[in-house]
Amino acid sequence: MVRRDLGVSFTRSSDGQPRGGREWTAWQHDRALAVQHTGAVTARWVEQWPDPEALAAEAARLWPSIAEKAASDDRAERTALAAAILAWLWGRVRSADATLDALTKAVRAARALGRDAALHAITSIGLTIPAGTQALDAFEAADAATSTANAAGTLNTSIRARLARIAAVLAAAILKGVTVTALAALIAALVRDVAWLTLLIVTEIWKAINAAAATVYAWAAVGWGHWQTADDDRVCAVCSGNEDLGVVTLDALPDCPGHPRCRCVILPDRAPASAIPGVQLADLAAA
Ligand SMILES: [Zn+2]
């Protein structure tokens, strides 16, 4: 989609580089940042789990008696077994602190990227920013703390959901009477299947980039902006609709990113002439 109403077109090629038009400089670095930090966070995540072989051996010793009691197709029995396994798993997972530390680093780096891109976006349209970015540091501190707290909350919710899934799969496996080796493979596959964790990290990075940009806009008293999509054929209908809102006051725009893997940003704009007191469209036409 091309933004005809702004007089310039924004496009983003498949390799993430903007093509012409106004730049959102974070687009040149966000994917590299995501790749770099995804490696670190997933490594810490895998380390927080006990060795799958040892866990499987322990489970095999512990669960036969429970499996006998629960050896039925009764859904309630399976649910009870999954809950018992979940509690047992909780006691064996190491602290998630290292995972959280790595995620916090990613969020901090993403905020720095969003901040720089937002400052660039503001000056590139000829708006001035207040002198001295030390003042921005102070202004940003509270919002940066909110970003890291939000990421911690998301990680915590996600770990609980992942544990529940692992417990349910283990309950089904125990009821079927699988071998220790098969159980170990099952646990290893579940722990190391980090596709969902990758999505979480990428989403938190995009959220932090946009949150930092919003902080900069507020600090620089930017009042207007528009929803900018990545402008390719993968943009969803909801984000396209947001882009179609055009240049509006920033508080009239929905929260960005709009969904997991959303690549959109809010770009700043000068106030439209029609919004400047004393300037009427008729005056512009007459000029
Ligand atoms: Zn989007």
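Residue numbers (numbering that gives the first Met the number 0): 0 to 286.
Ideal Cβ placement from N, Cα and C applies to all residues, glycine included.
Predicted, not measured: the structure shown is a model, and the values here were computed from it.
Beta-carbon proximity list for residue i, same chain, < 8 angstroms, skipping 5 on both sides
i	result
Pro-271	Trp-223, Val-246
Ala-134	Trp-218
Ala-120	Arg-21, Glu-22, Trp-23, Thr-24, Ala-212, Leu-266, Pro-267
Val-193	Thr-41, Trp-44, Val-45
Val-172	A quick correction: the sequence has Ala, not Val, at residue 172. Cβ neighbours of Ala-172 beyond the five flanking positions: Ala-181, Leu-182, Leu-185.
Leu-252	Gly-224, His-225, Trp-226, Asn-241, Leu-244, Ile-265
Ala-164	Here residue 164 turns out to be Arg, not Ala, going by the sequence shown. Leu-189, listed in sequence order.
Contact under 8 angstroms by Cβ, residue i with residue j
i	j	result
Ile-208	Gly-113	yes
Ser-146	Val-106	yes
Cys-261	Trp-226	no
Ala-188	Ile-265	no
Leu-199	Leu-154	yes
Ala-337	Gln-47	The requested residue 337 is not part of the displayed model; the chain covers only 0 to 286.
Leu-99	Ala-144	no
Val-179	Ala-55	yes
Thr-248	Thr-37	no
Pro-256	Trp-205	yes
Ala-210	Asp-142	yes
Val-177	Pro-51	no
Outcome for residue i when other beta-carbon atoms lying within 10 angstroms are tallied against a minimum of 16
i	result
Arg-60	exposed
Ser-94	exposed
Val-34	exposed
His-258	exposed
Ala-58	buried
Asp-232	exposed
Leu-244	exposed
Asp-254	exposed
For residue j and residue i, the rounded distance between their alpha carbons
i	j	result
Ala-39	Arg-110	18 angstroms
Arg-77	Asn-149	33 angstroms
Leu-88	Ala-166	8 angstroms
Ala-108	Ala-31	11 angstroms
Ala-170	Arg-159	16 angstroms
Ala-82	Leu-174	14 angstroms
Ala-130	Phe-138	13 angstroms
Thr-215	Leu-162	Position check: residue 215 holds Val in this sequence, whereas Thr was assumed. Cα to Cα, Val-215 sits roughly 38 angstroms from Leu-162.
Glu-203	Asp-250	22 angstroms
Thr-103	Val-92	20 angstroms
Gly-240	Ser-273	23 angstroms
Ala-75	Trp-62	17 angstroms
Arg-269	Ala-220	11 angstroms
Asp-230	Leu-80	48 angstroms
Gly-90	Thr-132	46 angstroms
Val-234	Ala-53	45 angstroms
Pro-49	Asp-29	32 angstroms
Chain D contact for residue i (CB, 8 angstroms cutoff)
i	result
Trp-89	Among the chains in the structure shown there is no chain D, since it carries only a single protein chain.
Own chain, CB closer than 6 angstroms to residue i, minus 5 neighbours either side, in chain order
i	result
Glu-242	Trp-226, Thr-228
Ala-140	none
Ser-157	Leu-199
Other residues of its chain near residue i: CB distance less than 7 angstroms, five sequence neighbours each side excluded
i	result
Ile-128	Leu-118, Ile-121, Thr-122, Ala-219
Val-168	Leu-185, Leu-189
Does the stretch 113-123 touch the stretch 169-188, meaning 3 or more C-beta pairs lie closer than 8 angstroms? no
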